[in-house]
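So for the sequence shown, our numbering puts the first residue at 1276; every next one is plus one.
Worksheet for the structure shown next.
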Amino acid sequence: MSINKPSSLQQLNTGLDPTLWPIFENLQVGPESTRLVFTVNHQLGYFKGHFPEQAVLPGVVQVHWTGELARRLFNSSGFTGLRKVKFKQPILPGTRVTLSLDFESGSGTLNFRFHHAEKVFSSGVMMFGAGQ
1276 MSINKPSSLQ
1286 QLNTGLDPTL
1296 WPIFENLQVG
1306 PESTRLVFTV
1316 NHQLGYFKGH
1326 FPEQAVLPGV
1336 VQVHWTGELA
1346 RRLFNSSGFT
1356 GLRKVKFKQP
1366 ILPGTRVTLS
1376 LDFESGSGTL
1386 NFRFHHAEKV
1396 FSSGVMMFGA
1406 GQ
């Protein structure tokens, strides 16, 4: 799999609908890893009705963001599954989050973690088909 790292935050944020995506504020890029920092926008459409008492970012959205970013950053395709997915703490509107993505090109696995400092919100492993 080839790696397609954005050269700037502007490039990364280009084309992302702000009602469906956070605005990424910081980007750290390594050979097979990326760290993205963002604040969860109160205006994201995903909060409508999830839940009326306290808005929470749905876990399926976290998985969706991870998969789409894997496609954009690592040219990953051929999604084959998820392993070890854990939702440990809710992500609320206004929360500052770091998304750590560590891609193992040989095995086609992407370890992901939504966290802030030592507090882990969610984590898991996303798998992609071989021969990409």
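Just so it is clear, CB atoms sit at the ideal spot from N, CA and C, and this is done for glycine as well.
Under a three-way DSSP split, which group does residue i fall into?
i, result
"glutamine 1285", "helix"
"valine 1338", "helix"
"glycine 1399", "strand"
"leucine 1376", "strand"
"leucine 1344", "helix"
State the Cα-Cα distance for the pair residue i and residue j, rounded to the nearest angstrom.
i, j, result
"serine 1277", "glycine 1399", "With a pLDDT of only 41 at serine 1277, under 50, the local geometry of the prediction cannot be trusted, and the value read off the model is given with reservation. Approximately 22 Å between the Cα atoms of the pair."
"asparagine 1386", "serine 1375", "8 Å"
"glutamine 1286", "valine 1312", "15 Å"
"arginine 1371", "lysine 1394", "11 Å"
"glutamate 1343", "glycine 1305", "18 Å"
"leucine 1302", "phenylalanine 1378", "16 Å"
"glycine 1404", "serine 1382", "9 Å"
"phenylalanine 1259", "glycine 1353", "In the structure displayed, the chain extends from 1276 to 1407; residue 1259 sits before or after that span and is not available."
"isoleucine 1366", "threonine 1309", "20 Å"
"valine 1338", "methionine 1401", "9 Å"
Applying the criterion that 16 or more other CB atoms from any shown protein chain within 10 Å of the CB defines a buried residue, is residue i buried or exposed?
i, result
"isoleucine 1298", "exposed"
"serine 1283", "exposed"
"serine 1351", "buried"
"threonine 1341", "buried"
Count the C-beta pairs between the stretch 1324–1335 and the stretch 1280–1297 that are closer than 8 Å, then say yes if the count reaches three, no if not.
no
Can you list the beta strand (DSSP E) stretches of 3 or more residues lying completely in the stretch 1294–1328, in chain order?
1299–1304, 1308–1314
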